[in-house]
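Participant:
Number of protein chains: 2
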Amino acid sequence: MARWEPDAQGRLMGAAIELFDEQGYEATTVAGIAERAGLTKRTFFRYFSDKREVLFSGSQELQRVWLEGVAAAAADTNPLTAVVAGLEPVAEMFTERHPFARIRTRIIEANPELLERELIKLQNLAAAVKAALVERGVSANAAMLAAQAGVTVFQVAFAQWVQQNDPTALRRLIDESVQELRSVTAN
Amino acid sequence: MARWEPDAQGRLMGAAIELFDEQGYEATTVAGIAERAGLTKRTFFRYFSDKREVLFSGSQELQRVWLEGVAAAAADTNPLTAVVAGLEPVAEMFTERHPFARIRTRIIEANPELLERELIKLQNLAAAVKAALVERGVSANAAMLAAQAGVTVFQVAFAQWVQQNDPTALRRLIDESVQELRSVTAN
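In the order they appear, the protein sequences are chains A and B.
Count along the first sequence starting at 1, add 38, and that's the number in our numbering.
Count along the second sequence starting at 1, add 38, and that's the number in our numbering.
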C-alpha cells in the first residue's frame, strides 16, 4: 500500500543531486538515491522512470510556466516581447532551484549523452513556444524565429546565472540577454 | 589498386538519393548504392563511413563556406549582418542541390534518429559560427545570440525553399527570413 511521503519528489531530487555531486553521475544508483532520501526504490519509480529523469523532470514544468506566461501577454504584443513576458514567471520559479541548477549544469556538460538529451528537450521547448505564438495569430515563420530566439536568450542568461552566486539574478540576466539580442539583430 | 573515378562522390550521392527516394532509406544498402552508381562498395567507403553519412556529408562544406563568408564581412559589420553575409555563398552553393535537398529533407523528417543527428549538426554549426564571431571581436553572449539567430534564419528559409520549385529562391528566402527576424525582435 502506497504511503504518502511529504514532498517525496523534492527529497528524491535533493538526494540525487547531492549524490551526483559527491560521487559522480555514473556511480550513483537509484537504490542509493532512495536510501539517501529515506525512501524506497519503489517510491523513486513512482516519480521518475530512471536516474536520468531526475535531471530532466523540471523541463515539463518550465514549459508549462513559460506557455502560461506567453498566453497571458496582451494580444497586440510583439512576438519576442510575448515570449520574454513568459520568462518572468520562469525566472521566479527557478530562483529557489539555483543550487540544483548549478550542479545539474556541471553534470550535463560533462556527459555527451545528457547534452544530447538537453538539446532535444530545448528543441521541443522551442516547438511548444512556437505553437503558443501561432495560437496567438503569429505566422509560422515569425513564430519559429521568435520562439528560437527566446530559447537562446534563456540559454545565454541561464549559463551566466549558474556561474553567479546570486539566485535572484536570472530575471535581470534574461532582460540583458534580450537587449543584447536586439542590439546584434539591429540593422 | 584504386582507380580514379571521375566524380565518384557525386555519383554515389546521386545514386543514394535516388534509391532512398525509390525504395526508402531503411531498405537501401551500401551495395545497392554502389551498384546504381556503377562503382564498388570499396569506392563507397573511400568517401563515406556509412549510408547515413551520404545525407550529412554536405554539412562540413556548408560550415566551411559559411565561415569563410563571415570572415570576409567588413570589420565594423553588425554581428547578425556578418552572419547573414556568410549565407550568400551558402545559398549559391545550394542552388544546384535543390533536388537532393528536397528528397533529403523528406527522409530526415520521417526518421527520428536522423532528425536527432541533424539537430546535433545544426548545434555544432551554431557553435562554429559563434566562434567565428568571437574571432571578430564580438562578445561571447552576443556571438551566441547572433549565431543561433543565423542558424534559425537559415532553417526557416531552407524549409520554405525545399517546398518550392525554384532552386534559385534560397537567397531571397534568407533575406525575407532576416527581415522577419528583425520585425519579431523589434521593440
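Backbone N, C-alpha and C define an ideal beta-carbon position, used for all residues, glycine too.
Just so we're clear, the structure is a prediction, and the values are computed from it rather than from any experiment.
Mind checking A:Ala195: buried by the 16 CB within 10 Å criterion, or exposed?
Facilitator: buried
Participant: Taking 8 Å as the threshold (C-beta atoms), are A:Thr143 and A:Thr206 in contact?
Facilitator: For A:Thr206 and A:Thr143, no; Cβs fall outside 8 Å.
Participant: Establish whether the CB of B:Thr133 and some CB of chain A are separated by less than 8 Å.
Facilitator: Answer no: the Cβ-Cβ gap between B:Thr133 and chain A never drops below 8 Å.
Participant: Quick one: what does DSSP say B:Met39 is sitting in, helix, strand or coil?
Facilitator: Note that B:Met39 scores a pLDDT of 45, beneath 50, so its modelled location is shaky and nothing firm can be said.
Participant: Could you pull out every residue in the same chain whose Cβ sits closer than 6 Å to the Cβ of B:Gln186, ignoring the five residues on either side in sequence?
Facilitator: Ala164
Participant: To the nearest angstrom, how far is it from the Cα of A:Leu152 to the Cα of A:Asp88?
Facilitator: 13 Å
Participant: Would you give the residue range spanned by the alpha helix (DSSP H) that A:Arg74 belongs to?
Facilitator: Val68 to Ala75
Participant: At least one CB of chain A closer than 8 Å to the CB of B:Met51: is that the case?
Facilitator: no
Participant: Can you name, in chain order, every residue of its own chain whose Cβ lies under 7 Å from the Cβ of A:Val200, other than the five neighbours on each side?
Facilitator: Counting only Cβ-Cβ distances below 7 Å, and skipping sequence neighbours, we find Ala139, Arg140 and Thr143.
Participant: How long is the line joining the alpha carbons of B:Ala184 and B:Lys168, rounded to whole angstroms?
Facilitator: 7 Å
Participant: Write down the C-beta distance between A:Val222 and B:Ala180 rounded to the nearest angstrom, noting that I regard them as a contact closer than 8 Å.
Facilitator: 5 Å between Cβ atoms; contact.
Participant: At the 8 Å Cβ level, is A:Ile158 part of the contact set with chain B, yes or no?
Facilitator: yes
Participant: Confirm, please, whether the CB-CB distance from A:Val128 to A:Leu160 is below 8 Å.
Facilitator: With respect to the 8 Å criterion, A:Leu160 and A:Val128 are not classified as neighbours on the basis of their beta carbons.
Participant: Count the other CB atoms, across all protein chains shown, that sit within 10 Å of the CB of A:Ala75; report buried if there are 16 or more and exposed otherwise.
Facilitator: buried
Participant: Give the secondary structure of A:Phe58 by DSSP, where H, G and I count as helix, E and B as strand, and everything else as coil.
Facilitator: DSSP places A:Phe58 in helix when its eight states are reduced to three.
Participant: Using a Cβ-Cβ distance under 8 Å, would B:Ser97 count as near chain A?
Facilitator: no
Participant: Using a beta-carbon distance below 8 Å, is B:Leu219 in contact with chain A?
Facilitator: yes
Participant: Got a sec? Which residues, its chain only, sit under 8 Å from B:Arg90 by beta carbon, not counting five neighbours each side?
Facilitator: Leu152 and Arg155
Participant: Which same chain residues, not among the five before or five after A:Gln101, have their C-beta less than 7 Å away from its C-beta?
Facilitator: Leu163 and Ala166
Participant: So with CB distances below 8 Å, who are the chain B contacts of A:Ala229?
Facilitator: Examination of residue 229 of chain A is not possible in this model, given that chain A is present from 39 through 225 alone.
Participant: Note down the Cα distance separating B:Gly107 from B:Val122, rounded to an integer number of angstroms.
Facilitator: Spanning the two alpha carbons is a distance of roughly 9 Å.
Participant: As a quick exercise: from B:Asp59, B:Met182, B:His136 and B:Glu73, pick the residue whose alpha carbon is nearest that of A:Ala197.
Facilitator: B:Met182
Participant: Leaving aside the five residues before and after B:Val216 along the sequence, list all residues of the same chain whose C-beta is less than 7 Å from its C-beta, in chain order.
Facilitator: Val122 and Val191
Participant: If you measure between the beta carbons of B:Leu50 and B:Leu77, is that distance less than 8 Å?
Facilitator: In this structure, B:Leu77 lies closer than 8 Å to B:Leu50 by Cβ.
Participant: Can you tell me whether A:Asp114 is buried or exposed? The criterion is at least 16 other CB atoms within 10 Å of its CB, across all chains shown.
Facilitator: exposed
Participant: Using the beta-carbon of each residue, which ones in chain B are nearer than 8 Å to A:Ser215?
Facilitator: Within chain B, the residues near A:Ser215 are Asn179 and Leu183.
Participant: Would you mind reading off the limits of the alpha helix (DSSP H) that contains A:Asp213?
Facilitator: Leu208 to Thr223
Participant: Express the C-alpha separation of A:Leu105 and B:Arg209 in angstroms, rounding to a whole number.
Facilitator: 33 Å
Participant: Can you tell which of B:Asn203, B:Glu64 and B:Leu219 has its C-alpha closest to the C-alpha of B:Arg135?
Facilitator: Among B:Asn203, B:Glu64 and B:Leu219, the Cα nearest to that of B:Arg135 is on B:Asn203.
Participant: Using a C-beta to C-beta distance shorter than 9 Å, which residues of chain B count as neighbours of A:Ala169?
Facilitator: Within chain B, no residue comes near A:Ala169; the closest Cβ sits about 15 Å away, beyond 9 Å.
Participant: Using a Cβ-Cβ distance cut-off of 8 Å, determine whether B:Thr190 contacts chain A.
Facilitator: yes
Participant: Three-state secondary structure (DSSP) at B:Thr78?
Facilitator: coil
Participant: Could you tell me if B:Ala110 is buried or exposed, where buried requires 16 or more neighbouring beta carbons within 10 angstroms of its beta carbon?
Facilitator: exposed
Participant: So for B:Ala148, helix, strand or coil by DSSP?
Facilitator: coil
Participant: If you compare alpha carbons, which of A:Ala46, A:Pro137 and A:Leu118 is closest to A:Arg80?
Facilitator: A:Ala46
Participant: Is DSSP giving A:Gly175 helix, strand or coil here?
Facilitator: coil
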